[in-house]
Amino acid sequence: MAGLAERQHGVVAAWQLLAEGRTRGEIKARLRAGRLHPLYRGVYAVGHSRVTKRGRVMAAVLAYGPGALASHRTAAWLWEVLSDNRPRTDVTVTGRSGASRAGIVLHRPRQLAEGDRTRVDGIPCTSVARTLLDIAATEPPRALRRAYEESERRRVLDLRDVWRVLADARGHRGAKPLRALVGDATGPVPLIRSEVEARFLDLVRAEGLPLPTMNVPFGEYELDAVWLDRKVVVEIDHYATHGHRRAFEGDRVRDIELQIAGFRVGRVTDEQIAEPRETGARLRRLLVV
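Numbering-wise (my numbering), the sequence shown opens with residue 34 and increments by one.
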């Protein structure tokens, strides 16, 4: 039991223990002794009740038996292409009418190809291509684009798999936006290092402006966004990283060096990015001057 739990982020399911020859009486005895701690009906943490987020995801998948998969935003988090701070777990099941459970968002697709199934860190989940299709139906376009670009950067995306998924996606609400994104996804993927940089790129796209090159080395510095053909640099300021004297002084020195090199320098903050109309208009003026 301990070995099974170790492979599954500290959790086991009753159906697994029964398949290994344990009896329901033995499971109940371990529950009474405090060696098993219920997470969902028939799913337990082994040894203690504290589990990691991956343990909670595994428990949610095990709650629906063999064949269940982590999917949608949860799978995107497992693949590390989208963040997910929700207290809920997305689980996909096929061929059954499992009941909803607290903390679990249950999805029942009409079909799921064998190629859509895989594992990440030992957790059954949907493939990258299937995950993109699913979140295309449930997440806003900018989140889909972000997940697509991040999957390319992490080299976990195979476009052939995406087209296969799209060919099988009859009637799926995510097919149209994903097909449009794949058809539009040309050129190099911008290198972004933070959520605020991703939101900045969303703003640039919304304004219909050319994409900058991100995180460009410049001497001892790294520039956030550069339009080299227009000699424009935009630095993205976040108080958490720029809110002290040393960073402030360093930023001023960098601005002077960029101006000496012939660049126009603009600065935007994370709060300004949250006001896209005004910030986008200023950015457009900076680029066309």
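Heads up, the beta-carbon is just placed ideally off N, CA and C, and yes, glycines get one too.
- If the five residues before and after Pro142 are omitted, its C-beta is found closer than 7 angstroms to the C-beta atoms of Thr125, Thr127, all from its own chain and listed in chain order.
- The beta carbons of Val266 and Phe296 sit about 5 angstroms from each other, so the pair counts as a contact at 8 angstroms.
- Ranked by Cα distance from Gly43, the options Val84, Lys264, Ile60 are led by Val84.
- With respect to the C-alpha of Arg186, the residue from Pro99, Val114, Gly67, Thr171 having the closest C-alpha is Val114.
- Pro157 sits buried, since 16 or more C-beta atoms from the chains shown fall within 10 Å of its C-beta.
- Judged by their CB atoms, Leu214 and Ala208 are not nearer to each other than the 8 angstroms cut-off.
- Burial state of Arg178 is buried, judged by a 10 Å Cβ sphere holding 16 or more other Cβ atoms.
- DSSP places Gly88 inside the alpha helix (DSSP H), whose first and last residues are 86-95.
- By the neighbour-count criterion, in which a residue is buried when 16 or more other Cβ atoms sit within 10 angstroms of its Cβ, Val321 is exposed.
- In the three-state reduction of the DSSP assignment, Phe233 falls in the helix class, which pools H, G and I.
- Between Arg232 and Glu172, the C-beta gap is not smaller than 8 angstroms, which leaves the two residues out of contact.
- Rounded to the nearest whole angstrom, the CA to CA distance from Leu50 to Arg206 is 38 angstroms.
- The stretch 51-63 makes no contact with the stretch 86-97, as fewer than three CB pairs between them are under 8 angstroms.
- Only residues of its own chain outside the window of five on either side were considered, and among them Leu236, Val301, Gln305, Ile306 have a CB closer than 7 angstroms to the CB of Thr312, listed in chain order.
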